[in-house]
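Q:
Residue numbers (the numbering used here): 379 to 1148.
(1) Any chance you could list the alpha helix (DSSP H) runs of at least 4 consecutive residues sitting entirely within the segment 942-991, in chain order?
(2) In this structure, does DSSP put residue 1035 in helix, strand or coil?
(3) CA-CA distance, residue 878 and residue 420?
(4) Do you know offhand how far residue 1068's Cα is from residue 892's?
(5) Can you tell which of 525, 996, 969, 1030 has the C-alpha that lies nearest to the C-alpha of residue 980?
(6) Which partner residues does residue 1069 have in the DSSP bridge list?
(7) Of the residues 657, 686, 712, 699, which one's Cα is nearest the Cα of residue 674?
(8) Tell me the DSSP secondary structure of residue 863 in three-state form.
(9) Could you give the residue range of the beta strand (DSSP E) that holds residue 553?
(10) Using alpha carbons as the reference points, say which of 840, 657, 1055, 562 lies closest to residue 737.
(11) Can you tell me the Cβ-Cβ gap for residue 462 and residue 517, rounded? I've got them flagged as a contact below 8 Å.
(12) Going by alpha carbons, who is nearest to residue 1099 out of 863, 1073, 573?
(13) Taking only three categories from DSSP, how would you classify residue 587?
(14) Provide the residue(s) that pair with residue 853 in DSSP beta bridges, ordered along the chain.
(15) Leaving out five residues on either side along the sequence, give the residues of the same chain with a beta carbon under 6 Å from the beta carbon of residue 1038.
(16) Could you tell me if residue 899 is buried or exposed, where buried requires 16 or more neighbouring beta carbons within 10 angstroms of its beta carbon?
(17) How far does the alpha helix (DSSP H) with residue 1107 in it reach, from first residue to last?
(18) Throw me the rounded Cβ distance for the residue 1091 and residue 958 pair, which I believe falls under 8 Å.
(19) Work out the CA separation of residue 866 and residue 961 for me, nearest whole Å.
(20) Quick check on this structure: which residue in 1043, 1055, 1101 has the alpha carbon closest to the alpha carbon of residue 1077?
(21) Please name the residue in 1087, 930, 874, 1025 whose C-alpha comes closest to that of residue 432.
(22) Just to confirm my understanding: we take residue 1110, look at its own chain, exclude 5 residues before and 5 after, and list those with CB closer than 7 Å. What are they?
(23) Would you mind sorting residue 1128 into buried or exposed? The rule is 16 or more other CB atoms within 10 Å of its CB.
(24) Nearest by alpha-carbon distance to residue 987: which of 993, 996, 998, 975 is it?
(25) Counting C-beta neighbours from all protein chains within 10 Å, is the total for residue 1024 16 or more, i.e. buried, or is it exposed?
(26) For a test of the three-state rule: what should DSSP assign to residue 654, helix, strand or coil?
(27) Could you compute how far the alpha carbon of residue 387 sits from the alpha carbon of residue 940?
(28) Would DSSP call residue 916 helix, strand or coil?
(29) Thinking C-beta only, is residue 963 closer than 8 Å to residue 1001?
(30) Assign residue 729 to one of three DSSP states: helix, strand, or coil.
(31) Do three or more CB pairs link the segment 536-546 to the segment 849-861 at distances below 8 Å?
(32) Starting from residue 479, trace the alpha helix (DSSP H) both ways and give me its first and last residue.
(33) Is residue 882 helix, strand or coil when you go by DSSP?
(34) Tell me, which residues are paired with residue 510 by DSSP?
(35) Assign residue 1125 to one of three DSSP states: helix, strand, or coil.
(36) Check the DSSP bridge columns for residue 937 and list the partner residues they point to.
Below, the structure is given as structure tokens:
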């Protein structure tokens, strides 16, 4: 017997496993294997989720308040600064504590559903408040969402009112500071005008016959006068601007600077309303019914009524008239007592229920007080951080504003210095030609400059006082009104998301299970594994139907490719005996064994013996439609010879040895020594022996078969075999000394096989494609 083809190692393959990756095919596997139960379960979960969403759905209403940047003026334009982009500059102010705290402190607004919980009121207020552009840079849209439309409009208007009050206070305080800052400048220039007027008078007196209102002959040059007048006018305008800027800068660091107002302390204290419970009529009637005396009277009345009814039904009341009337009197007597007992019981019940209500009211007041104190401490602890954050934000805005104003101020000073230099040069030139008369004319000019500056400062102060009355820089265009239609009547998006998620839960469970069991979905997973033998062949699915000619050709080609890989490999080219095993049943080993035996017989033109060693659940006799006969079990039990047990009805290329009928434990029949002897006898008569075995994990006698042949093929089925089971089978085969030639990956679709390896079939004369 030649067993030189037996190999103690695996066939060449990847030496290192690649990093496992997620295979999208497992999604289809999960759906295909679980849809039968996952779809109805998913529909039930989706229905329950949709019902829960509908049950807990509360419509939300949005109320909106439209604001506009005020660009009107009374007389003087550009005196009051106009907000150019209201959405960009005013939006942060709405979420500042100085705006929101007065809203939270209003007891009427705390009745809104979103503000009823003191612990979540501020969070809900900030989340439900939306501030966005109203369509252009001058309009601002403030909106608020709540489950009550009326409450949404009230809160929205309250927030806007708080903002407008704070904005008006800022604007008024700023204008007052500028106006106050102009007063020192006006006084300074009044003194300057008086000083220059005295100088003009002195120079006039020193010149005999010169009148201050007459022109000097030496200064009749019209071009020089025109230049001096232009310079004087520009210097005057710049000094007015610088004076106003100085007034603003002087008021910037004053004690009443309005840039930051800390939140009011009382706004941090939430209000918890406690109401005393008033006993209801049902509670009073229930207490009356439970009163012992009322219960006794009711029981007596029922007793006498039942007795009278029994006497009337039996007709005895005619014979015992006096006794019947006596019982009637007792019944009526208890009925009369019942009314008085109920009145007394009502007084006692009302007193007891009121006493309980008072006790519960006191308990709730104590609990509410404790809760308020706890909330107050929590708000107080957060107050410092909120105040500091608001202060820092406001300071950053002030610093930017001061930096812009300082830059503008420096530009004005630079322009003034240039013009003053030109004016001084022109003045020096006039003094050289005009002498004392030129000094007088220049003194008159300087006096005129001072008067111009003083006049413009007074006009500016008057303009500020006038424009202060025109209102704030922001005004209401359309207040919020209670909305009639909610944002959504049906929560469609939430329904789709929740129902879809609930529907996918069973499929997710199925996916997790598939990931856990690690079914083999591709032959590459076998090649990546270091513990499995490399794939020596992929077997296409056996086609269903006689007309599927292309699928049958692909199937036969895949079997022939397996046979070629097996017998052309250096390690297995001399193999004569082959065992086909699998981890579990249903993994295609019987089909592979039968088709491999046929392929070997056709390729070598020699007789091949196919042995069915699965004594528990044999298949080969059904595949070929043969009688069972004594089979392998009869040969191993010495009840029949090998020639008697072999079925040769299929022709000269393939002989089949069925499993036979099992009448004892397969472990008593199949052992390593008995199988070695059987294989040796079979190889004496046949060139090749292919043995179909029982599953390795459920029938350990297959290990004895695998250890007795030249090569063993481990079958795995696509989307069926589990990696853990295949690994366990591989370890058992190696431990038993079996020479595992490789892994056969079956169950590949004809299309996938053709895509992977191509379709290059041959044509036989007289055969037409199906």
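Here a beta-carbon is modelled for each residue, glycine too, at the ideal position from N, C-alpha and C.
A: According to the structure data:
(1) Counting whole runs of 4 or more residues, the segment 942-991 contains the alpha helix (DSSP H) stretches 967-982.
(2) Reduced to three states, the DSSP call for residue 1035 is strand.
(3) Separation of residue 878 and residue 420 (C-alpha to C-alpha, rounded to the nearest whole angstrom) is 9 Å.
(4) Straight-line measurement puts the Cα of residue 892 at about 33 Å from the Cα of residue 1068.
(5) 1030
(6) 957, 989
(7) The shortest C-alpha separation from residue 674 is found at 712.
(8) coil
(9) Per DSSP, residue 553 belongs to no beta strand (DSSP E); it is in the alpha helix (DSSP H), 527-584.
(10) 657
(11) The pair is not a contact, with the Cβ atoms about 12 Å apart (cut-off 8 Å).
(12) When 863, 1073, 573 are compared, the shortest CA-CA separation from residue 1099 is found for 1073.
(13) Reliability fails at residue 587, whose pLDDT of 44 lies under 50, so the model's placement of it is uncertain and no value is given.
(14) 446
(15) 1008, 1009, 1010, 1011, 1012
(16) buried
(17) 1101-1113
(18) 5 Å
(19) 57 Å
(20) 1043
(21) 874
(22) 1074, 1081
(23) buried
(24) 975
(25) With 16 or more other Cβ atoms from the protein chains shown falling within 10 Å of its own Cβ, residue 1024 counts as buried.
(26) Secondary structure of residue 654 (DSSP, three-state): coil.
(27) With a pLDDT of 41 at residue 387, under the threshold of 50, the modelled position of that residue is not reliable, and the figure given next carries that caveat. Spanning the two alpha carbons is a distance of roughly 19 Å.
(28) strand
(29) no
(30) helix
(31) yes
(32) 475-482
(33) helix
(34) 519
(35) strand
(36) Answer by DSSP bridge pairing: none, since residue 937 is not bridged.
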